[in-house]
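See below for the structure under consideration.
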Amino acid sequence: MARVVVDVMLKPEILDPQGQAVQRALPRLGFEGISDVRQGKRFELEVDGPVDEATLTRIHDLAESFLANTVIEDFTVKVEEVAEAAK
Amino acid sequence: MARVVVDVMLKPEILDPQGQAVQRALPRLGFEGISDVRQGKRFELEVDGPVDEATLTRIHDLAESFLANTVIEDFTVKVEEVAEAAK
Amino acid sequence: MSRTPLDTVEHAAATPDVELPWAELGLKKDEYERVVEILGRRPTGAELAMYSVMWSEHCSYKSSKVHLRQFGEKAPQSDALLVGIGENAGVVDVGQGYAVTFKVESHNHPSYVEPYQGAATGVGGIVRDIIAMGARPVAVVDPLRFGAADHPDTKRVLPGVVAGIGGYGNCLGLPNIGGEVVFDACYQGNPLVNAGAIGVMRHEDIHLAKASGAGNKVVLYGARTGGDGIGGASILASETFDDAKPSKRPAVQVGDPFQEKLLIECTLEAFKEKLVVGIQDLGAAGLSCATSELASNGSGGMRVTLDDVPLRDSTLSPEEILMSESQERMCAVVEPEKVARFLEICEKWDVIATVIGEVTDGDRLEIYWHGGKIVDVDPRTVAHEGPVYERPYARPDWQDALQADDANKLSRPATSEELKSQVLKLVGSPNQASKKWITSQYDHFVQGNTVLAQPEDSGMIRVDEESGLGVAIATDGNGRYAKLDPYTGAQLALAEAYRNVATTGAKPLAVSDCLNFGSPEDPAVMWQFAEAVRGLADGCLQLGTPVTGGNVSLYNQTGEAAIHPTPVVAVLGVIDDVARRTPVAFQEDGQLLYLLGDTREEFGGSAWSQVIHDHLGGLPPKVDLERERLLGEILISASRDGMIDSAHDLSDGGLIQAVVESALLGGKGARLVVPDGLDAFTFLFSESAGRAVVAVPRSEEVRFNDMCGARGLPVTRIGVVDGDAVEIQGEFALSLNELRELHEGTIPALLA
Amino acid sequence: MTARIGVVTFPGSLDDRDTRRAIRLAGAEPVALWHKDKNLHQVDAVVLPGGFSYGDYLRAGAISRFSPVMETVIEQAKAGLPVLGICNGFQVLTEAHLLPGGMLGNDHLHFICRDQKLRVENADTSWTSDYTAGQEIHIPLKNMDGRYVADSYTLDKLEAEGRVAFRYVDFNPNGSLRDIAGITNEAGNVVGLMPHPEHAVEPLIGTGRTDGLPFFTSILKKLVNV
Ligand SMILES: Nc1ncnc2c1ncn2[C@@H]1O[C@H](COP(=O)(O)OP(=O)(O)O)[C@@H](O)[C@H]1O
Ligand SMILES: [Mg+2]
Chain A
1 MARVVVDVML KPEILDPQGQ AVQRALPRLG FEGISDVRQG KRFELEVDGP
51 VDEATLTRIH DLAESFLANT VIEDFTVKVE EVAEAAK
Chain B
1 MARVVVDVML KPEILDPQGQ AVQRALPRLG FEGISDVRQG KRFELEVDGP
51 VDEATLTRIH DLAESFLANT VIEDFTVKVE EVAEAAK
Chain C
1 MSRTPLDTVE HAAATPDVEL PWAELGLKKD EYERVVEILG RRPTGAELAM
51 YSVMWSEHCS YKSSKVHLRQ FGEKAPQSDA LLVGIGENAG VVDVGQGYAV
101 TFKVESHNHP SYVEPYQGAA TGVGGIVRDI IAMGARPVAV VDPLRFGAAD
151 HPDTKRVLPG VVAGIGGYGN CLGLPNIGGE VVFDACYQGN PLVNAGAIGV
201 MRHEDIHLAK ASGAGNKVVL YGARTGGDGI GGASILASET FDDAKPSKRP
251 AVQVGDPFQE KLLIECTLEA FKEKLVVGIQ DLGAAGLSCA TSELASNGSG
301 GMRVTLDDVP LRDSTLSPEE ILMSESQERM CAVVEPEKVA RFLEICEKWD
351 VIATVIGEVT DGDRLEIYWH GGKIVDVDPR TVAHEGPVYE RPYARPDWQD
401 ALQADDANKL SRPATSEELK SQVLKLVGSP NQASKKWITS QYDHFVQGNT
451 VLAQPEDSGM IRVDEESGLG VAIATDGNGR YAKLDPYTGA QLALAEAYRN
501 VATTGAKPLA VSDCLNFGSP EDPAVMWQFA EAVRGLADGC LQLGTPVTGG
551 NVSLYNQTGE AAIHPTPVVA VLGVIDDVAR RTPVAFQEDG QLLYLLGDTR
601 EEFGGSAWSQ VIHDHLGGLP PKVDLERERL LGEILISASR DGMIDSAHDL
651 SDGGLIQAVV ESALLGGKGA RLVVPDGLDA FTFLFSESAG RAVVAVPRSE
701 EVRFNDMCGA RGLPVTRIGV VDGDAVEIQG EFALSLNELR ELHEGTIPAL
751 LA
Chain D
1 MTARIGVVTF PGSLDDRDTR RAIRLAGAEP VALWHKDKNL HQVDAVVLPG
51 GFSYGDYLRA GAISRFSPVM ETVIEQAKAG LPVLGICNGF QVLTEAHLLP
101 GGMLGNDHLH FICRDQKLRV ENADTSWTSD YTAGQEIHIP LKNMDGRYVA
151 DSYTLDKLEA EGRVAFRYVD FNPNGSLRDI AGITNEAGNV VGLMPHPEHA
201 VEPLIGTGRT DGLPFFTSIL KKLVNV
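Chains as they are written, first to last, in full-length UniProt numbering: chain A, 1 to 87; chain B, 1 to 87; chain C, 1 to 752; chain D, 1 to 226.
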């Protein structure tokens, strides 16, 4: 079993109110030096069987037609190599 | 300027209805072979200046106290090496 | 548009032969030539941007203007009207020093492309219109139309639209108190997302969109300007969607309801301190619209330095800044000595505010960029003197055949058993089923003044805590009726909304509308439009309820197929004491049920003909506005004098639909008797207009009958509130449980 | 003499005015508090009202929790100041760790607005003494992020200590664990719940019931008797 991650972010030209709200809160938390924050979605898909070209293409299509609305969002698909050390 | 990415996911033991809704929709979209979907948040922080140990520690603290609620969520912090080819 | 060298006014004058992309920006050749004639030279890029968005169908009403004039020409005498058509929204006097502003707008096309954001920004836009009048917004309504309920794309569009309306309105703290949900295949590629808002203010707080007083400052405040929906006004709202060219759909805007909530609070605080001379929201056509309209309505001119506009994207060209439709922005005109305080209030609410210009002595709108003058126009020519078309219109050749295809001749149920099964089919059909799955996604309670909300006949909001003064609003429209006869259809929409308001005990005062039609370039559509406007204007004159404002949405069609002509009418009413409001729900066993009005064999365009026969043909129900007015007076008097405990108007689905709704809401059944002279089928399913069912306590029976008799309103005793079933004596009985399951189960089964 | 009850306005608070009205109708004196002002102006109790503070961006309550006024509220709540968090206010209280657990999106993924039946499980807090334990009441509920979650250790502890203050009855509107609608801290001075008692204080308005008024009379009695 492998994990494929689809990250969906608002296109750069599209307003991101959530990211902006986070960014505006940073100085109040005593945090300087971050010039921009964008907030998006992360989907972790657990795939049965091998993640081959064909599977990736299908996931790409899935992302394009369902996970993201490409009118306002961009997405990336990647295979997660190893489980990252959580926290 | 560099980009640090903070991924925030619900703890595994917590029900993720959004992920489930995606998973349930998959067969309708003619998509088989995905045993689990989890949906979380992705924050892209544009950092002024170099991303050194100290900065990463501060962002880690920020994630722990603010970007994630560690009562219910786990997070990971990573430096994004290169701008990924969007889509 | 070349930017090196900067396309200034001098540069334009010196380079008359430069080709500009007027066609790409949506201008026709003769329109462009008129711009050149007005200016006496070729426009600069920035001027072209302004003229093109402001002269678009969406902003200039160029196809509809000649017809809309009737709303003014035929306006009834009304003491209530404080501000009429032409401002951001109309204003009505509701007494005790209060004024109410309300308006309905469309956000149809964006909501098809991106349902959530399209619908959300629709709410945002209409609410800014209300704030711009000086009022605190107090409620929203959302008349919606979608394709077939079981079409897969409806499952994409509807939940997104509903979540967007809820997401935005709930976050603003505006109770959603009414609306409509209609399914019809004709809206498949063109859902109708109309949104209305109501605001309340004191008379002295009314504000207008005008820039007066040379030296006064122009302050832009709210969100930063980004590249949102550039050209959206002209392209997105006015172009027919054509499946072959999806690339023509530009990105829709993303709304930020939190920012808008701050905008509301900081604007109201500025009003309270009397800091604002004139104000305009930024909606379609953004700064182009706000600056030209403010200047055009005022006494002087205006000078704006575009470099001072706070940007989200520093690479925007001046043309793009002028066209940007970034949401959550407002423009205020403020006296110089009050600017500091104005900015302070903005800062208190964390709202970015910048002085971008000032009112001048002259009569020109001048805009500067990087030191050069890039716009120098008479603002009236941009804002008010756009092209006006007398588009050809003609009654379509299929209209006669459609009307001849009489629904009254459709086969009717032959047995009680069949009648019963048709009732069940109707009550469970998507259009007649409960919309609770949708409306429970909206906050009805916020602000603590909601007296009635869906599924009541009209929404009602308390305006004054002490006196109990309140306002009511209902929106209605029936595209099927309007397709059969657009003149009558528009009047039926008006009559139904009027009736819905009166049924709750409020006195109808004024009208707003949202006219949703296909392409004005099709003479058949143009005829539908002209007829509907004529019908509505005539109807408003007769009912004494002026049209105070509204919105036109054209080009609602996919390829050749236009939507049903769909005039949506909102009626606003006032009630002296909300404690007297009449609810829909049956209150008490034993109360007598009366049917008010005449029931005729009228099935053209009916829910029955649609659900049972999938048929649309014949003539819509007859309209009698004098009768509507009388019915309204009776309902209002009965509520004021405590003669009725519940009331429900009759509309699509007829009497049986209304009785089932009252029964389910009250958790009390009814025993009905078919009155003499009517057959059970007609009694249950007819959609004759001008009717309502009321429940009268026994102690009021005589008084109520006397009142109706004295005023000549036909009244028929039809039964009694009782038990836990709806029973038609001699025909059938349906338990409330069975009815409830059907009525409430349909929409979740289709959409959840 | 009556009690002064503060109501905080955060940017995006929606029910602050209604809450002040409810306090007034109960006979206490409402005091408007501003999120940027650390000073609580000598109030005897504080209500964090409902709404979408900061748009509920990031997480509901997550940004407000760091506002200046909350510094004082957190400090004083720990010292015994009565604090009631309604809906968004409840979310702020969990984010501020004045109450355990966290709030997540409703399990059905939709905003929900309904007249909700609740059982008062604990009538010994500062805010619930005018109810009786086990009493069933109807209070309007309206939220997007109303799903209360905590780990099972915390949940067991809350149950054992009688700190589940309200439970949903007949219908769980958001997937909250163990049907929890509201909880209290150990001392009983800090209470949070998702439904909106301030919307149930007048017979004509909203759902037409007044089941929410005892929240405000409870605190008034407590403060005036002191
Ligand atoms: N999209 C919506 N938003 C809010 N309320 C709605 C919506 N759709 C329907 N409603 C409400 O549901 C109730 C029934 O709607 P409808 O059958 O169209 O009423 P009527 O036939 O009396 O005009 C009304 O109270 C109406 O306001
Ligand atoms: Mg009605």
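In this text, a Cβ means the ideal position worked out from N, Cα and C, and glycines have one as well. Given the structure is predicted, the values throughout are model-derived calculations rather than measurements.
Using three-state DSSP, classify residue i as helix, strand or coil.
i                      : result
M1 of chain A          : coil
S296 of chain C        : helix
L24 of chain D         : Before going on, a small fix: residue 24 of chain D reads as Arg here, not Leu. Looking at R24 of chain D - three-state DSSP - the assignment turns out to be helix.
T548 of chain C        : strand
C708 of chain C        : helix
residue 123 of chain B : An answer regarding residue 123 of chain B cannot be provided, because it is not within the stretch 1 to 87 covered by chain B.
L452 of chain C        : strand
M526 of chain C        : helix
T504 of chain C        : coil
E114 of chain C        : coil
F183 of chain C        : strand
A75 of chain C         : coil
R312 of chain C        : coil
S234 of chain C        : Because the pLDDT at S234 of chain C is just 35, under 50, the model does not fix this residue reliably, and the point stays unresolved.
I5 of chain D          : strand
S152 of chain D        : helix
D243 of chain C        : Residue placement at D243 of chain C is flagged as unreliable, the pLDDT there being 35, under the threshold of 50; the coordinate-derived value follows with that caveat. Three-state result, D243 of chain C: coil.
Output yes if chain B places a C-beta closer than 8 Å to the C-beta of residue i; else output no.
i              : result
A62 of chain D : yes
D52 of chain A : no
So with Cβ pairs under 8 Å, would you call residue i a contact of chain D?
i                      : result
L84 of chain C         : In the sequence on display, residue 84 of chain C carries Gly and not Leu. It does not: the Cβ of G84 of chain C has no partner Cβ on chain D nearer than 8 Å.
I59 of chain B         : no
L15 of chain B         : yes
residue 153 of chain B : Given that chain B is displayed from residue 1 to residue 87, the structure contains no residue 153 of chain B and the question cannot be resolved.
F75 of chain B         : no
How close, in whole Å, do the beta carbons of residue i and residue j come, if the pair is a contact with beta carbons under 8 Å?
i               : j               : result
Q729 of chain C : R671 of chain C : 6 Å
I718 of chain C : P675 of chain C : 6 Å
V377 of chain C : R364 of chain C : 7 Å
P76 of chain C  : Y168 of chain C : Contact doesn't hold; Cβ gap of about 35 Å is too wide.
Return yes when at least one heavy atom of ligand 4 lies under 7 Å from the C-beta of residue i, else no.
i              : result
P12 of chain A : Ligand 4 is absent from the structure shown, which contains only ligand 1 and ligand 2.
Is residue i close to chain A, meaning its C-beta is less than 8 Å from at least one C-beta of that chain?
i               : result
L62 of chain B  : yes
V252 of chain C : yes
L58 of chain D  : yes
G226 of chain C : yes
G55 of chain D  : yes
So, does the CB of residue i fall closer than 8 Å to a CB anywhere in chain C?
i               : result
E29 of chain D  : no
H35 of chain D  : no
P195 of chain D : no
In chain order, what residues of the stretch 470-482 of chain C put their CB closer than 7 Å to some CB of chain D?
none
Scan the stretch 112-138 of chain C for residues whose Cβ lies nearer than 8 Å to a Cβ of chain A and list them as they occur along the chain.
So the list reads V113, E114, Q117, given in the order they occur along the chain.
Report the residues of the stretch 303-324 of chain C with a CB closer than 9 Å to any CB of chain A, ordered along the chain.
R312, D313
Which residues of the stretch 21-50 of chain A have a Cβ closer than 7 Å to any Cβ of chain D? Give them in chain order.
A21, V22, A25, R28, L29
Got a sec: which bits of the stretch 90-116 of chain D sit with their beta carbon under 7 Å from any beta carbon on chain C, in order along the chain?
Residues H110, F111, I112, C113, R114.
Could you name each continuous alpha helix (DSSP H) segment of 4 residues or more that falls completely within the stretch 372-397 of chain C, going from the start of the chain to the end?
Segments of the alpha helix (DSSP H) lying fully in the stretch 372-397 of chain C: 379-383.
Could you give the uninterrupted runs of the beta strand (DSSP E) lying entirely in the UniProt domain "PurM-like C-terminal" (589-725) of chain C, keeping only those of 3 residues or more?
Taking only runs of at least 3 residues, the beta strand (DSSP E) segments lying wholly in the UniProt domain "PurM-like C-terminal" (589-725) of chain C are 592-596, 646-649, 670-672, 692-696, 715-721.
Chain-ordered residues of the stretch 435-452 of chain C with a beta carbon less than 9 Å from chain A:
none
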